[in-house]
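Colleague: Quick mapping for you: the protein sequence lines, in order, are chains C and E. Count along the first sequence from 1, add 40, and you get the number used in our numbering. Count along the second sequence from 1, add 637, and you get the number used in our numbering. Ideal placement from N, C-alpha and C gives every residue a C-beta, glycine not left out.
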Amino acid sequence: MQCVRAMTEAVRVLVVDDERTIVESAGDYLRARGFDVTTARELEEAEALVVVDEFDVVVTDVRLRPGGRHEGLALTAFVVDRAPATGVIVMTAMTSDEMDRSARENGACVVLHKPVPLPQLERNVLAIASRCTIRGAAPTLCDPLRGACGTNPGTSADLIRLGALLAAVTPGRAEEDNATTLRAILEVLARIDATDRPRVAGMLGHCLSGSGAESSILAATRHQAVAGAVAIEVSARLRALSRTIRHA
Amino acid sequence: MTDPTLLDEVLAPGGITTCVQPIVQFRETGFRVDAVECLSRGPGHTNGRRAEVLFEYVRRRHAEMRVDRACLQAALRAVQTLPAELDIAVNVHAATLANDAGFSDFVLAACAETGIDARRLTLEITEHAGTADRRRLFSALDSLRACGVRFALDDLGAGTSNYAMILEARPEILKIDRFIVHGCARDRRRLAMIRNICDLATQLDATLVAEGVEEPDDRDALLAAGIFRMQGYLFGRPFDPRSWPMAQASGA
Numbered sequence: 041m042q043c044v045r046a047m048t049e050a051v052r053v054l055v056v057d058d059e060r061t062i063v064e065s066a067g068d069y070l071r072a073r074g075f076d077v078t079t080a081r082e083l084e085e086a087e088a089l090v091v092v093d094e095f096d097v098v099v100t101d102v103r104l105r106p107g108g109r110h111e112g113l114a115l116t117a118f119v120v121d122r123a124p125a126t127g128v129i130v131m132t133a134m135t136s137d138e139m140d141r142s143a144r145e146n147g148a149c150v151v152l153h154k155p156v157p158l159p160q161l162e163r164n165v166l167a168i169a170s171r172c173t174i175r176g177a178a179p180t181l182c183d184p185l186r187g188a189c190g191t192n193p194g195t196s197a198d199l200i201r202l203g204a205l206l207a208a209v210t211p212g213r214a215e216e217d218n219a220t221t222l223r224a225i226l227e228v229l230a231r232i233d234a235t236d237r238p239r240v241a242g243m244l245g246h247c248l249s250g251s252g253a254e255s256s257i258l259a260a261t262r263h264q265a266v267a268g269a270v271a272i273e274v275s276a277r278l279r280a281l282s283r284t285i286r287h288a
Numbered sequence: 638m639t640d641p642t643l644l645d646e647v648l649a650p651g652g653i654t655t656c657v658q659p660i661v662q663f664r665e666t667g668f669r670v671d672a673v674e675c676l677s678r679g680p681g682h683t684n685g686r687r688a689e690v691l692f693e694y695v696r697r698r699h700a701e702m703r704v705d706r707a708c709l710q711a712a713l714r715a716v717q718t719l720p721a722e723l724d725i726a727v728n729v730h731a732a733t734l735a736n737d738a739g740f741s742d743f744v745l746a747a748c749a750e751t752g753i754d755a756r757r758l759t760l761e762i763t764e765h766a767g768t769a770d771r772r773r774l775f776s777a778l779d780s781l782r783a784c785g786v787r788f789a790l791d792d793l794g795a796g797t798s799n800y801a802m803i804l805e806a807r808p809e810i811l812k813i814d815r816f817i818v819h820g821c822a823r824d825r826r827r828l829a830m831i832r833n834i835c836d837l838a839t840q841l842d843a844t845l846v847a848e849g850v851e852e853p854d855d856r857d858a859l860l861a862a863g864i865f866r867m868q869g870y871l872f873g874r875p876f877d878p879r880s881w882p883m884a885q886a887s888g889a
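#1: Could you have a look at Ser-136(C) and say whether DSSP puts it in helix, strand or coil?
#2: Indicate the three-state DSSP secondary structure (helix, strand or coil) for Asp-791(E) in the structure shown.
#3: Where does Gln-264(C) land, buried or exposed, given buried means 16+ other C-beta within 10 angstroms?
#4: Taking the straight line between their C-alpha atoms, what separation do you get for Arg-73(C) and Val-165(C)?
#5: Is it right to say Pro-878(E) is buried, meaning 16 or more other beta carbons lie within 10 angstroms of its own, or is it exposed?
#6: I'd like the ranges of any beta strand (DSSP E) spanning at least 3 consecutive residues and lying wholly in the stretch 75-116 of chain C.
#7: Note down, one range per segment and in chain order, each alpha helix (DSSP H) of at least 4 residues found wholly within the stretch 827-885 of chain E.
#8: Work out the CA separation of Leu-841(E) and Pro-641(E) for me, nearest whole Å.
#9: Return no unless some Cβ of chain E is closer than 9 Å to the Cβ of Arg-60(C).
#10: Taking the C-alpha atoms as reference points, what is the distance between Asn-833(E) and Val-744(E)?
#11: If you measure between the beta carbons of Val-120(C) and Val-130(C), is that distance less than 9 Å?
#12: Under a CB-based cut-off of 9 Å, is Phe-718(E) close to chain C?
#13: What number of angstroms, rounded off, separates the C-alpha of Gly-107(C) from the C-alpha of Leu-643(E)?
#14: Please classify Asn-728(E) as buried or exposed, where buried requires at least 16 other C-beta atoms within 10 Å of its C-beta.
#15: Out of curiosity, what's the CA-to-CA distance linking Thr-61(C) and Ala-726(E)?
#16: Which bits of chain E does Val-92(C) rub up against, with CB to CB less than 8 Å?
#17: Closest to Met-867(E) by CA distance: which of Trp-881(E), Gly-752(E), Ala-732(E), Leu-845(E) is it?
#18: What does DSSP give as the partner residue(s) for Gln-662(E) in the beta ladder?
#19: Is the shortest distance between the beta-carbon of Val-53(C) and the beta-carbons of chain E less than 9 Å?
#20: Can you tell me whether His-730(E) is buried or exposed, with buried defined as 16 or more other CB within 10 angstroms of its CB?
#21: Does chain E have any CB closer than 9 Å to the CB of Met-41(C)?
#22: Closer than 9 Å, Cβ to Cβ, to anything on chain C: give me those residues from the stretch 719-747 of chain E, in chain order.
#23: State whether the stretch 715-726 of chain E contacts the stretch 109-116 of chain C, with contact taken as three or more CB pairs (one from each stretch) at a distance under 8 Å.
#24: Chain E beta carbons: is any one of them nearer than 9 Å to that of Ala-88(C)?
#25: To the nearest angstrom, report how far apart Leu-774(E) and Thr-733(E) are at their CA atoms.
#26: Helix, strand or coil, according to DSSP, for Cys-149(C) in the structure here?
#27: From Arg-231(C), Asp-58(C), Ala-230(C), Val-209(C), pick the residue whose C-alpha is nearest to that of Ala-221(C); which is it?
#28: What does Asp-814(E) pair with, by DSSP beta-bridge criteria?
#29: So, with DSSP's three-state summary, where would you put Cys-656(E)?
#30: Taking a cut of 9 Å between CB atoms, which residues from the stretch 69-82 of chain C lie near chain E?
#31: Could you spell out the range, first to last residue, of the alpha helix (DSSP H) harbouring Ala-726(E)?
#32: Could you tell me if Pro-902(E) is buried or exposed, where buried requires 16 or more neighbouring beta carbons within 10 angstroms of its beta carbon?
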């Protein structure tokens with residue numbers, strides 16, 4: 041799956057739960073926030089959708105039929121096998137270490153315990169989706185940024201957005217779009233720098249060090265005069281952040 | 638009371654809707670519609686409204702037999718007002734033909750109910766690559782052939798077709814997959830494949846239909862290769878058969 045997409049493209053989410061009220065409320069909530077949402081209430085229906093379409097994130101309950109057991113774990117394993125670039129969030133009312141472990145062993149990225157507040161679901165969907173986007177361009181940013189998420193909500197959102205923005209700067213993209221994205225990166229960096237240093241800035245610097253993000257954006261804008269100039273400024277700011285950890 | 642499943646909704650009265658896409662035959666006077674392929678959709682408010690999702694789901698639910706019966710019945714009822722000179726093509730899973738012992742009788746009963754001569758009917762066999770009981774499959778084919786029904790194998794050139802099936806099923810019609818057709822005018826490899834398929838069809842006394850024809854130059858390349866029956870957006874998109882006279886007037 042091509043993970044690197046323009047920031048204007050909506051994150052594609054499949055929400056699966058056998059309870060109609062849950063799947064509809066989650067679907068409506070995420071759609072209202074700009075996600076491209078498909079819903080399903082059966083294992084086989086979800087599998088069919090994964091076969092036919094591409095999703096950034098699949099959110100699934102564990103039990104998917106009356107009297108059922110762990111259909112959601114089977115779906116998780118199916119998604120991991122069929123669409124390895126798609127992240128899976130498992131929701132379960134069964135609060136046990138064994139269930140959490142089983143979900144992760146089947147490939148779940150995150151396990152959430154019901155009832156899941158919809159804003160929490162949204163944050164996790166966004167984090168997983170951005171991780172997918174990050175993986176497409178700068179793999180070594182993935183795990184460190186994952187660890188940075190969830191500490192300070194505002195900074196977490198900026199870190200997630202930063203990863204997605206960095207990944208969006210690509211050689212085939214229009215110069216104007218790359219320039220706009222790079223200016224947005226400068227804004228995010230300024231915000232991170234002003235509000236939460238040195239901890240987060242240092243963490244980000246640690247993430248960026250050796251990630252190749254700087255060279256990626258310079259290479260992508262090599263033949264784009266305007267975007268290239270902004271890329272040089274972004275690269276300088278990123279290098280400065282990378283040095284932050286060495287001086288922390 | 639639990640909510641109905643997607644399968645429940647598909648099998649409920651009115652759960653299947655049928656569109657038709659024209660299949661044209663090239664003659665000296667130009668192209669003429671001489672058949673339609675019936676395309677089934679699930680309820681519009683469900684994921685089954687998309688055929689590719691519907692039938693992937695149906696296969697995963699192992700419900701091919703029930704859904705094929707529903708689709709066939711809906712299709713024949715939908716096209717019963719079309720001109721009698723048009724042939725009707727309906728898709729059927731190979732698993733249904735092999736495993737549904739009463740399917741032949743069901744087909745003939747549906748034809749009788751709608752007044753459609755069985756000799757107008759072509760059943761397009763889908764998903765035949767993994768068919769376990771070929772003996773029962775071919776027995777069903779023979780039974781229906783005796784009543785005038787013809788058979789087509791589609792996706793020729795794609796991964797699911799195979800020579801063994803062509804040899805044993807002896808389809809009257811072979812449908813060339815759109816993957817081979819699209820862009821054939823500019824791709825000598827695709828043209829080479831098409832010429833080979835033409836020769837094969839001639840040797841097997843089968844009629845070829847090229848699917849997915851969207852470009853005039855592909856149409857012309859297919860004609861030059863000797864393929865005179867085609868289907869695709871160039872000749873008309875799927876439409877509600879109830880709008881047939883209007884579709885004809887617009888050139889669909």
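Modeller: So, from the data block:
#1: The residue labelled residue 136(C) in the question sits at position 96 within the first sequence. Of the three classes helix, strand and coil, the one that applies to Ser-136(C) here is coil, per DSSP.
#2: The residue labelled residue 791(E) in the question sits at position 154 within the second sequence. The answer is strand: DSSP assigns Asp-791(E) an E or B state.
#3: Residue numbering aside, residue 264(C) sits at position 224 when the first sequence is read from its first letter. The residue is buried, with at least 16 neighbouring Cβ atoms inside 10 Å.
#4: Translated into the one-based positions of the first sequence, residue 73(C) becomes position 33. Translated into the one-based positions of the first sequence, residue 165(C) becomes position 125. Cα to Cα, Arg-73(C) sits roughly 12 Å from Val-165(C).
#5: What you label residue 878(E) is simply residue 241 of the second sequence in a count that begins at 1. Pro-878(E) is buried by the Cβ-count criterion.
#6: 76-80, 97-101
#7: 853-862
#8: Residue numbering aside, residue 641(E) sits at position 4 when the second sequence is read from its first letter. Residue numbering aside, residue 841(E) sits at position 204 when the second sequence is read from its first letter. Cα to Cα, Pro-641(E) sits roughly 47 Å from Leu-841(E).
#9: Against the first sequence, residue 60(C) aligns to sequence position 20. Yes, its Cβ sits closer than 9 Å to a Cβ of chain E.
#10: Here the question's residue 833(E) lines up with position 196 in the second sequence. Here the question's residue 744(E) lines up with position 107 in the second sequence. Distance between the alpha carbons of Asn-833(E) and Val-744(E) is about 34 Å.
#11: Looking up residue 120(C) in the first sequence gives position 80. Looking up residue 130(C) in the first sequence gives position 90. For Val-120(C) and Val-130(C), no; Cβs fall outside 9 Å.
#12: If you number the second sequence from 1, residue 718(E) lands on position 81. It should be pointed out that residue 718(E) corresponds to Thr in this sequence rather than to Phe. It does not; no Cβ of chain C falls within 9 Å.
#13: Translated into positions along the first sequence, residue 107(C) becomes position 67. Translated into positions along the second sequence, residue 643(E) becomes position 6. Distance between the alpha carbons of Gly-107(C) and Leu-643(E): 18 Å.
#14: Taking the first residue of the second sequence as 1, we reach residue 728(E) at position 91. Asn-728(E) should be labelled buried.
#15: For this step, residue 61(C) is matched to residue 21 along the first sequence. For this step, residue 726(E) is matched to residue 89 along the second sequence. Looking at the two C-alpha atoms, the distance is approximately 40 Å.
#16: What you label residue 92(C) is simply residue 52 of the first sequence in a count that begins at 1. Near Val-92(C) (Cβ distances below 8 Å), the residues of chain E are Arg-687, Glu-689, Val-690, Glu-693.
#17: Numbered from its first residue, the second sequence carries residue 867(E) at position 230. That would be Leu-845(E), whose Cα lies nearest to the Cα of Met-867(E).
#18: Locating residue 662(E) in the second sequence gives position 25, counting from the first residue. Answer is Arg-669(E), Arg-866(E).
#19: Indexing the first sequence from 1 puts residue 53(C) at position 13. It does not: the Cβ of Val-53(C) has no partner Cβ on chain E nearer than 9 Å.
#20: As a position in the second sequence, residue 730(E) is number 93, starting the count at 1. Answer is buried; the Cβ neighbour count reaches 16.
#21: Stepping through the first sequence from its first residue, residue 41(C) is reached at position 1. Low confidence applies here, because Met-41(C) scores a pLDDT of 32, under 50, leaving its location unreliable; read the following figure in that light. Cβ-Cβ to chain E under 9 Å: no for Met-41(C).
#22: none
#23: no
#24: Here the question's residue 88(C) lines up with position 48 in the first sequence. Interface residue, yes.
#25: Position 137 of the second sequence, counting from 1, holds the residue named residue 774(E). Position 96 of the second sequence, counting from 1, holds the residue named residue 733(E). Using only the alpha carbons, I get a separation of about 8 Å.
#26: Walking along the first sequence from the start, residue 149(C) turns up at place 109. Here Cys-149(C) sits in coil by DSSP.
#27: Residue mapping note: residue 221(C) aligns to position 181 of the first sequence, counting from 1. According to the sequence as given, residue 221(C) is Thr; it is not Ala. It is Val-209(C).
#28: Position 177 of the second sequence, counting from 1, holds the residue named residue 814(E). None; Asp-814(E) has no bridge partner.
#29: Position 19 of the second sequence holds residue 656(E). Cys-656(E): strand per DSSP, three-state reduction.
#30: Thr-78, Thr-79, Ala-80, Arg-81, Glu-82
#31: As a position in the second sequence, residue 726(E) is number 89, starting the count at 1. Ala-726(E) -> not in any alpha helix (DSSP H); beta strand (DSSP E) instead, spanning 724-730.
#32: No answer is possible for residue 902(E): the residues shown for chain E start at 638 and end at 889.
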